[in-house]
């Protein structure tokens with residue numbers, strides 16, 4: 002089937018969409034299923050094999066476009082898992098920042114974002130529930146970056162300097178935790194600059210700021226690979242961010258999670274197994290993504306190395322809820338969520354998808 006992919010848009014936002022426009026749809030191709038059968042229809046990342054029953058009736062499953070979705074499409078795994086069972090699959094473009102509205106309208110069924118934006122959505126009253134949570138990332142998932150010719154060598158050297166990040170993205174949290182660990186007060190010991198992540202590279206190279214806090218993906222990855230930028234710090238191993246605050250979550254509407262558990266579990270299993278295949282077949286997977294999004298293969302492989310540490314699921318609901326409470330408390334303390342808008346953690350996750 003014909004694909005409708007705005008190439009420049011896809012290249013700029015594809016990898017970024019896991020972390021943080023108009024919505025378009027892309028119907029997946031009907032390529033023959035790969036001989037490397039993932040057998041996801043009877044497995045789930047958070048369930049015992051065999052516990053997934055027959056898929057519920059659904060005309061079309063609408064999934065956010067992403068690297069793993071493009072790979073699953075090209076390998077024929079959407080066809081195997083869903084289309085052969087009567088469920089058409091569409092990949093939805095332009096979901097970043099619009100997930101809650103798209104899900105509410107029925108224009109998107111699943112979204113993958115980091116915990117921070119999910120909590121913001123819920124605190125704003127969005128009817129969403131999380132059906133999957135990743136394991137903890139490694140510190141290399143976020144970085145403090147300076148220009149290659151900067152005299153700054155360590156985070157300590159940033160005292161008195163201007164540091165930028167996007168307040169709506171979690172690298173801002175990484176920055177604040179590092180500064181607060183030093184006992185620094187924003188506005189006195191350093192200056193925070195809030196800029197969209199799409200503008201951070203330009204701000205850094207043009208010396209508008211002394212450093213940025215960012216995920217080393219897309220254009221930031223390119224800057225690190227070509228040597229125009231240097232990493233000087235990462236989040237601490239004992240930080241709130243690394244210990245639950247920086248996980249990714251898959252969420253959907255409460256109604257969809259309740260009404261379509263077998264579709265949801267099959268989707269989660271397919272995502273998990275596709276991502277593991279990508280990590281084991283970097284060259285082939287990155288070539289597939291480059292052919293769809295025009296993101297250079299070396300950029301994808303660099304990004305996956307940083308993200309791949311969290312490409313597995315944590316199913317321990319008690320641990321997840323405890324870590325989420327710590328994260329939400331941090332956001333309340335820093336004014337990101339009003340104290341009267343915080344959500345009881347037991348209401349954030351669809352319990353049937355986790356171990357209790």
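In my numbering, the protein residues as written are 2 to 357. Yeah, the Cβ is synthetic: ideal placement off N, Cα and C, and Gly gets one too. Nothing here was measured: the structure is a model prediction, and the numbers come from that model.
Query - The alpha helix (DSSP H) enclosing residue 294, as first and last residue numbers - result: First-last of the alpha helix (DSSP H) with residue 294: 283–294.
Report task. Leaving out five residues on either side along the sequence, give the residues of the same chain with a beta carbon under 7 Å from the beta carbon of residue 65. Result -> Listed in chain order, the non-local C-beta contacts of residue 65 below 7 Å within the same chain comprise 18, 93, 96, 109, 111, 112, 113, local neighbours out to five positions each way being set aside.
**Report entry** For residue 179 and residue 1, the rounded distance between their alpha carbons
**Finding:** The requested residue 1 is not part of the displayed model; the chain covers only 2 to 357.
Query raised in the report: In its own chain, which residues sit with a C-beta less than 8 Å from the C-beta of residue 33, not counting the 5 before and 5 after it?
Result: Bear in mind that the predicted position of residue 33 carries a pLDDT of just 38, short of 50, making it unreliable; the figure below should be weighed with that in mind. Around residue 33: 77, 80.
Query raised in the report: Are three or more beta carbon pairs between the stretch 343–351 and the stretch 112–132 nearer than 8 Å?
Result: Judged by Cβ distances under 8 Å, the stretch 343–351 makes contact with the stretch 112–132, as three or more pairs qualify.
Query raised in the report: To which residues does DSSP link residue 63 through a beta bridge?
Result: Beta-bridge partners assigned by DSSP to residue 63: 91.
**Report entry** Beta-carbon proximity of residue 70 to residue 101, cut-off 7 Å
**Finding:** At least 7 Å separates the beta-carbon of residue 70 from that of residue 101.
**Report entry** Simplified DSSP state of residue 261, which is helix, strand or coil
**Finding:** Assigned with DSSP and collapsed to three states, residue 261 falls in coil, not helix or strand.
Report task. Pull up the distance between the alpha-carbon of residue 304 and that of residue 260, whole angstroms please. Result -> One C-alpha to the other measures close to 35 Å.
Requested in this report: Kindly indicate which three-state DSSP category residue 131 falls into: helix, strand or coil?
Outcome: Secondary structure of residue 131 (DSSP, three-state): strand.
Query raised in the report: Is the CB-CB distance between residue 175 and residue 262 below 7 Å?
Result: In this structure, residue 175 sits away from residue 262, with a CB-CB distance that is not shorter than 7 Å.
Query raised in the report: Which residues share a DSSP beta bridge with residue 228?
Result: Per DSSP, residue 228 has no beta-bridge partner at all.
Report task. Could you tell me how far apart the beta carbons of residue 311 and residue 137 are, in whole angstroms, since I believe they sit closer than 8 Å? Result -> At roughly 7 Å, the Cβ-Cβ gap stays under 8 Å, so residue 311 and residue 137 are in contact.
Requested in this report: Give the range of the alpha helix (DSSP H) segment to which residue 316 is assigned.
Outcome: Where residue 316 is concerned, there is no enclosing alpha helix (DSSP H), given that its DSSP letter is neither H nor E.
Report task. Could you check what DSSP says for residue 1 in three-state terms: helix, strand or coil? Result -> Within the shown structure, residues of the chain are numbered from 2 to 357, placing residue 1 beyond reach of any answer.
Requested in this report: Check each candidate in 184, 161, 244 and name the one with the smallest Cα separation from residue 327.
Outcome: Of 184, 161, 244, the residue nearest in Cα terms is 244.
Query raised in the report: Among 295, 185, 336, 309, which has the Cα closest to the Cα of residue 121?
Result: Considering only alpha carbons, the answer is 336.
Query raised in the report: Looking at C-alpha atoms only, which residue of 52, 333, 182 is the closest neighbour of residue 234?
Result: Comparing Cα-Cα distances from residue 234 to each of 52, 333, 182, the minimum goes to 182.
Query raised in the report: alpha helix (DSSP H) containing residue 254: first to last residue?
Result: Note, residue 254: premise wrong, no alpha helix (DSSP H); beta strand (DSSP E) at 249–254.
Query raised in the report: Can you list, in chain order, the stretches of the beta strand (DSSP E) that have 3 or more residues and sit fully within the stretch 131–181?
Result: As far as the stretch 131–181 is concerned, its whole beta strand (DSSP E) runs of at least 3 residues are 144–148, 163–166.
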